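*Asks:*
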Amino acid sequence: MSTPTPANQTGKPTEPWGQRLIRSLLYGRNVDRAAKARARVGLAMLAFTSVYVLIGGRLVMFAIGADAHSARRAAAQEVVATARPDIVDRNGAILATDVKASSLFGEPRRIIDKDEAIELLTATVPDLDEVEVRERLSTRKGFVWLKREITPKQQQDIHKLGIPGIGFLRENKRVYPTGNEVAHIIGLVNIDNQGIAGMEKWLDNQGLADLHRAGFATDRLQKPIELSVDLRVEHALRDELLKAKEKFHAKAASGIVSNVKTGEIVAMVSLPDFDPNNPKEAHDPDRINRLTTGVYEMGSTFKAFTLAMALDSGKINLNSSWDARGNLHYGKFTIHDSHSLGRFINTKEVFTYSSNIGAARIALSQGVEAHKAFLAKMGQLTRLRTELPESAAPLVPRRWGELNTVTIAFGQGMSVAPLQAVMGINSLVNGGYLIPPTFMKRTEAEAAAMAKRVIKTETSDKMRFLMRLNAEIGTAKSADVKGYYVGGKTGTSEKVINGRYAKKRVLNSFTAIMPCDDPKYQILIMLDEPQAIPETKGFITSGWNAVPTGGKVIERIAPLLGVEPRFDLPPSERLILAASRTTQ
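Per our numbering, residue 171 is the first one in the sequence shown, and the count goes up by one each step.
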């Protein structure tokens, strides 16, 4: 039997108070059943509509926004990862830095009319390749690069087009404020800001690339890289080399300024050079760094090694006599001097008159094995490694006999990188210490820790004397800038063309030391195939072009380097040899 529903005085069933409250809140009082039904249906429809709108909205967001967001985030991370530290010269002048540049990207899935987008983009930015843009926008990728590093005007013009799926990202762009000035030292980067040459590549090899991959190489974490280069000296050297190249109609010109006591490279120029802001120029094979990637027969500058070897052995002295009365015949080869003296000459005259015959006889007096051993000790027989990745191995005879010793004694038959020769000559004048060259700042104490003694102190004194004597009475007279006590050695090397030495095509070099009584800097000047002009009276040897160029360089850079002029100094015989332990 069922339980009866409670009723009020009118006989109608009594509704529980809870249901009555809910009904009143939802429908109000005195509402009929039809109204209740319509309200319930409307409420249900509203609930389902809200759910479907929410789901649909999320799906649309995932469809059009997920790939773009992830792409932008990945690209943004890439931008952070390719940040590079500034590179500055020894005085803090900026040589390379990062700036922000916009790059154009596309999101193929979001582009509604790709043909229209391609037409508008290529019309606005003419250097866009239509075929390449079409190929990239035809993929199913969520993100593609269209053009890296666009100009602000290009960005503004594209933005006005209002094409859905076309956007911009800010990237780090490497710029070189000094342009060509230090191109062969700094090197350059690729479009992704990765070093591909010079000190830029060295930076990546030192761990910067690993920091990029780990995401730690941000702008805030990187300190400037300080080089040994002095931008002021670099500019002066380059300016004088440009003038000499034009004046003597040379194929190329190059030069180095090196600190003889630390091995620091203060300046290095190789012409023709390139602008690292325009990477296409760097691919020209004629714009290589001739001082590190080129190897050359250095001519008579190599006589400095020959004389130092013999003097250091103690078997000869500055007054030893050598037969230069006639040509030296060795097998089918004849060795001769450019200016034959036709008499016996002493060791000093071998150097100041640049006698090939005298140098050959000196080398033969030491023997083949001693000659090879000495050049090896001077770092001339193996590839020179510096911070610059670009380097070349010397060309050394496979079978080194007496004839090789004869020709190498005066700079033929063996080719080295000019920077390699600079390193060796530094050791001849700095007291006898071989110090590896560097493009980073280095103190004298740091250099001393890695220096290796290769000749005696008294031998170095004699070499400084010979260098200075050559500027006083020899082939380096036109580089004797008053007040700086300059010394040096010239070199004129005939180039090998089709297996033969060409007398009219020469590579001239001049290495200078200042000041000779206490050397601080070595300056190397090289001119490739200089031509005779009226001023040189038809001559093309080093004394007529490379030497006066060296003098002009010294005149400009000595004050910049803090070398104070001193006048009325005594001749080398008294100032240098008198201070040496031996006065032979």
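We put the CB at the ideal spot given by N, CA and C, even for glycine. Keep in mind it's a predicted model, so treat the numbers as computed, not measured.
If the criterion is Cβ atoms closer than 7 Å, does the pair lysine 415 and alanine 423 meet it?
*Replies:* Counted from its first residue, the sequence shown places residue 415 at position 245. Counted from its first residue, the sequence shown places residue 423 at position 253. Yes, these two residues count as a Cβ contact at 7 Å.
*Asks:* Between the Cα of glutamine 590 and the Cα atoms of Lys450, Pro278, Thr462, which residue gives the shortest distance?
*Replies:* The residue labelled residue 590 in the question sits at position 420 within the sequence shown. For the residues Lys450, Pro278, Thr462, the minimum Cα distance to glutamine 590 belongs to Thr462.
*Asks:* Which of the three DSSP states is assigned to phenylalanine 680 in this structure?
*Replies:* Taking the first residue of the sequence shown as 1, we reach residue 680 at position 510. Reduced to three states, the DSSP call for phenylalanine 680 is strand.
*Asks:* How far does the beta strand (DSSP E) with histidine 499 in it extend, from its first residue to its last?
*Replies:* Position 329 of the sequence shown, counting from 1, holds the residue named residue 499. Here the beta strand (DSSP E) through histidine 499 covers 498 to 500.
*Asks:* For serine 483, I'd like the list of residues in its chain whose CB is within less than 8 Å of its CB, leaving aside the five on either flank, ordered along the chain.
*Replies:* Residue 483 sits at position 313 when you count from the first residue of the sequence shown. Correct list, in chain order: Gln536, Ala540.
*Asks:* Report yes or no: do three or more beta-carbon pairs, one from the segment 347 to 354 and one from the segment 440 to 458, lie closer than 8 Å?
*Replies:* Result yes; three or more Cβ-Cβ pairs closer than 8 Å.
*Asks:* What is the rounded straight-line gap between the Cα of glutamine 247 and the Cα of proline 296?
*Replies:* Position 77 of the sequence shown holds residue 247. Position 126 of the sequence shown holds residue 296. Low local confidence applies: a pLDDT of 47 at glutamine 247 is under 50, so the model's placement there is unreliable, with the coordinate-based value given in what follows. So the two alpha carbons sit approximately 30 Å from each other.
*Asks:* What's the gap between the Cα of leucine 745 and the Cα of lysine 690?
*Replies:* Taking the sequence shown and counting its residues from 1, the one referred to as residue 745 is at position 575. Taking the sequence shown and counting its residues from 1, the one referred to as residue 690 is at position 520. The alpha-carbon atoms of leucine 745 and lysine 690 are separated by roughly 16 Å.
*Asks:* Does DSSP put glutamine 536 in a helix, in a strand, or in coil?
*Replies:* What you label residue 536 is simply residue 366 of the sequence shown in a count that begins at 1. Correct three-state label for glutamine 536: helix.
*Asks:* Evaluate arginine 736 with the Cβ neighbour count: other Cβ atoms within 10 Å of its Cβ, from every protein chain shown; 16 or more gives buried, anything less gives exposed.
*Replies:* Here residue 736 is taken as the residue at index 566 of the sequence shown, counted from 1. Counting Cβ neighbours within 10 Å, arginine 736 comes out exposed, since fewer than 16 surround it.
*Asks:* Which residues does DSSP list as the beta-bridge partners of leucine 397?
*Replies:* Start at 1 with the first residue of the sequence shown, and residue 397 comes out as number 227. Per DSSP, Met610.
*Asks:* Taking only the alpha-carbon atoms, compute the straight-line gap between glutamate 300 and leucine 213 and give it to the nearest angstrom.
*Replies:* As a working note, residue 300 is residue 130 in the sequence shown. As a working note, residue 213 is residue 43 in the sequence shown. Cα-Cα distance, rounded: 55 Å.
*Asks:* Within the continuous alpha helix (DSSP H) that includes tryptophan 492, where are the two ends?
*Replies:* The count along the sequence shown starts at 1 and reaches residue 492 at position 322. Premise fails: tryptophan 492 lies in the beta strand (DSSP E), 491 to 494, not in any alpha helix (DSSP H).
*Asks:* Decide if the segment 465 to 475 is in contact with the segment 658 to 675; the criterion is three or more beta carbon pairs, one per stretch, under 8 Å apart.
*Replies:* Result yes; three or more Cβ-Cβ pairs closer than 8 Å.
*Asks:* Distance check for isoleucine 667 and valine 676, CA to CA, integer angstroms please.
*Replies:* Locating residue 676 in the sequence shown gives position 506, where the first residue counts as 1. Locating residue 667 in the sequence shown gives position 497, where the first residue counts as 1. Distance between the alpha carbons of valine 676 and isoleucine 667: 11 Å.
*Asks:* At what residues does the beta strand (DSSP E) containing aspartate 698 begin and finish?
*Replies:* The residue given as residue 698 occupies position 528 in the sequence shown. Here the beta strand (DSSP E) through aspartate 698 covers 691 to 698.
*Asks:* Assuming arginine 260 and aspartate 409 form a contact by the criterion Cβ under 8 Å, report the distance between their Cβ atoms to the nearest whole angstrom.
*Replies:* The sequence position of residue 260 within the sequence shown is 90, counting from 1. The sequence position of residue 409 within the sequence shown is 239, counting from 1. In fact, because the Cβ distance is near 19 Å, the residues do not count as touching under 8 Å.
*Asks:* Specify whether the segment 472 to 487 and the segment 515 to 522 touch according to this definition: at least 3 beta carbon pairs, one from each stretch, less than 8 Å apart.
*Replies:* Yes: the two stretches touch, three or more of their Cβ pairs being nearer than 8 Å.
*Asks:* Determine the DSSP secondary structure at serine 561, reduced to helix, strand or coil.
*Replies:* On the sequence shown, residue 561 is found 391 positions in, with the first residue counted as 1. Correct three-state label for serine 561: coil.
*Asks:* What whole-angstrom Cβ distance do alanine 452 and proline 446 have, given they're in contact under 8 Å?
*Replies:* As a first step, residue 452 must be located in the sequence shown, where it is residue number 282. As a first step, residue 446 must be located in the sequence shown, where it is residue number 276. Going by Cβ atoms, the distance from alanine 452 to proline 446 rounds to 7 Å, so yes, they are a contact pair.
*Asks:* If I'm right that isoleucine 724 touches valine 403 with Cβ under 8 Å, what's the distance once you round it to whole angstroms?
*Replies:* Locating residue 724 in the sequence shown gives position 554, where the first residue counts as 1. Locating residue 403 in the sequence shown gives position 233, where the first residue counts as 1. Contact doesn't hold; Cβ gap of about 11 Å is too wide.
*Asks:* Along the chain, where does the beta strand (DSSP E) that runs through isoleucine 356 open and close?
*Replies:* The count along the sequence shown starts at 1 and reaches residue 356 at position 186. It is not in any beta strand (DSSP E) - isoleucine 356 instead sits in the alpha helix (DSSP H) that spans 353 to 356.
*Asks:* Once you ignore the five residues that flank phenylalanine 418 on each side, which residues in its own chain have a CB closer than 7 Å to its CB?
*Replies:* Along the sequence shown, read from residue 1 onward, the residue named residue 418 stands at position 248. Result list for phenylalanine 418: Leu697, Pro700, Gln701, Ile703, Asn715, in chain order.
*Asks:* Should tyrosine 671 go down as buried or exposed, given a rule of 16 or more other Cβ atoms within 10 Å for buried?
*Replies:* In the sequence shown, the residue the question calls residue 671 occupies position 501. It is exposed - the Cβ of tyrosine 671 has fewer than 16 other Cβ atoms within 10 Å.
*Asks:* Within the chosen definition, does the segment 585 to 605 reach the segment 618 to 629 through at least 3 CB pairs nearer than 8 Å?
*Replies:* The segment 585 to 605 vs the segment 618 to 629: in contact.
*Asks:* Hey, could you find the ends of the alpha helix (DSSP H) valine 269 is sitting in?
*Replies:* In the sequence shown, the residue the question calls residue 269 occupies position 99. No alpha helix (DSSP H) contains valine 269, which is instead part of the beta strand (DSSP E) from 264 to 276.
*Asks:* Would you mind sorting proline 741 into buried or exposed? The rule is 16 or more other CB atoms within 10 Å of its CB.
*Replies:* Counting from 1 along the sequence shown, the entry for residue 741 is found at position 571. Answer is exposed; the Cβ neighbour count stays below 16.
*Asks:* Going by DSSP in three states, asparagine 429 sits in which element: helix, strand or coil?
*Replies:* Along the sequence shown, one-based indexing puts residue 429 at 259. If DSSP states are grouped into helix, strand and coil, asparagine 429 belongs with the strands.
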